[in-house]
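All residue numbers for the sequence shown refer to my numbering, where the first residue is 1062 and numbers rise by one.
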Amino acid sequence: EMEGLEASGSTYICTLCDSTRAEASTNMVLHSITRSHQENLERYELWRTNPFSESTDELRDRVKGVSAKPFMETQPTLDALHCDIGNATEFYKIFQDEIGEMHARTDVPSREERRQWRAALDKQLRKKMKLKPVMRMNGNYARRLMTAEAVEAVCELVPSEVRRQALSELVGLYLQMKPVWRATWPARECPDQLCRYSFNSQRFAELLSSTFKYRYDGKITNYLHKTLAHVPEIVERDGSIGAWASEGNESGNKLFRRFRKMNARQSK
1062 EMEGLEASGS TYICTLCDST RAEASTNMVL HSITRSHQEN LERYELWRTN
1112 PFSESTDELR DRVKGVSAKP FMETQPTLDA LHCDIGNATE FYKIFQDEIG
1162 EMHARTDVPS REERRQWRAA LDKQLRKKMK LKPVMRMNGN YARRLMTAEA
1212 VEAVCELVPS EVRRQALSEL VGLYLQMKPV WRATWPAREC PDQLCRYSFN
1262 SQRFAELLSS TFKYRYDGKI TNYLHKTLAH VPEIVERDGS IGAWASEGNE
1312 SGNKLFRRFR KMNARQSK
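Written out as structure tokens, the structure reads:
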């Protein structure tokens, strides 16, 4: 599933910088925050009203990808909960690709093959982690999927020892980076991980562009890009990603749903 600018079919990937998907996959780490939420909202209005009566191409270049409503639902910067969910969704796909040894294939796997890999992964996670398959990734599933125990279980299904080591290293790096965007005050709560964040993200990016190139050649997801490129700058500027996290919103939504149910007309 696409989020943010990607959801509107844009070649731009990020609501925080002017990077295209191709640029973000070539240079995974070195990006500065160049967009603000307010500026993006203004760009959307420009696209909607076209005040200078420009051609589609001129207008598209002016608004830098902010051209459709799905963008309006994105967060002002980076949201810790959806960062977890977006990245876990991607790792869930990587796990399936590794089970199917996609790195060694040149052909496109059939839907049936992909279904088999997913079924094998779901069965293993249910058996080893008591994780039931979900239709749509949620926070609880994401948190349990991204653990050392889960990757150990997945590695049992990966045929090659070299690939098992690479997958373990990739998830290990991710787990070292994760506390930095989950913490309320990273500088106080996890100073060591914060110090190593740039080094870890650089190594993570190297692995994606070499060992996992079959999946990240010319493309990268919105949240992986933000995780690798923008977390340190946001932490330096705002103190934490948690300052922007939507967990408060999430619980508000749950509460609202509950009240809506209570106030709905009861069908007899």
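Note that the Cβ used here is the ideal one computed from N, Cα and C, for glycine as well. These numbers come from a predicted model, not from an experiment.
- For THR1245, the secondary structure class from DSSP, reduced to helix, strand or coil, is coil.
- Remark: three or more beta-carbon pairs, one from each stretch, lie closer than 8 Å, so the region 1286–1306 and the region 1077–1085 are flagged as touching.
- Taking 8 Å as the upper bound for CB-CB distance, ARG1224 and HIS1164 are in contact here, some 7 Å apart.
- Rounded to whole angstroms, the Cβ separation of GLY1279 and ALA1083 is 6 Å, and the two are in contact under 8 Å.
- In this structure the region 1227–1245 does not touch the region 1186–1195; the number of beta carbon pairs closer than 8 Å is below three.
- Non-local C-beta neighbours of GLY1200 in its own chain, meaning closer than 7 Å and more than five positions away in sequence, comprise LEU1142, ASP1145, ILE1146, ordered along the chain.
- Counting the other CB atoms within 10 Å of its CB gives CYS1216 a total of 16 or more, which places it among the buried residues.
- In the structure shown, the three-state DSSP call for THR1288 is helix.
- Contact between TYR1277 and LEU1206 is ruled out by a C-beta separation of about 19 Å, above the 8 Å threshold.
- Under the three-state reduction of DSSP, THR1081 is assigned to strand.
- Distance from the Cα of ALA1085 is smallest, within the candidate group LYS1287, THR1095, VAL1296, for LYS1287.
- Comparing C-alpha distances from LEU1182 to each of PRO1240, THR1167, PHE1260, ILE1160 shows the shortest one belongs to ILE1160.
- Between the alpha carbons of LEU1285 and PHE1113 lies a distance of about 36 Å.
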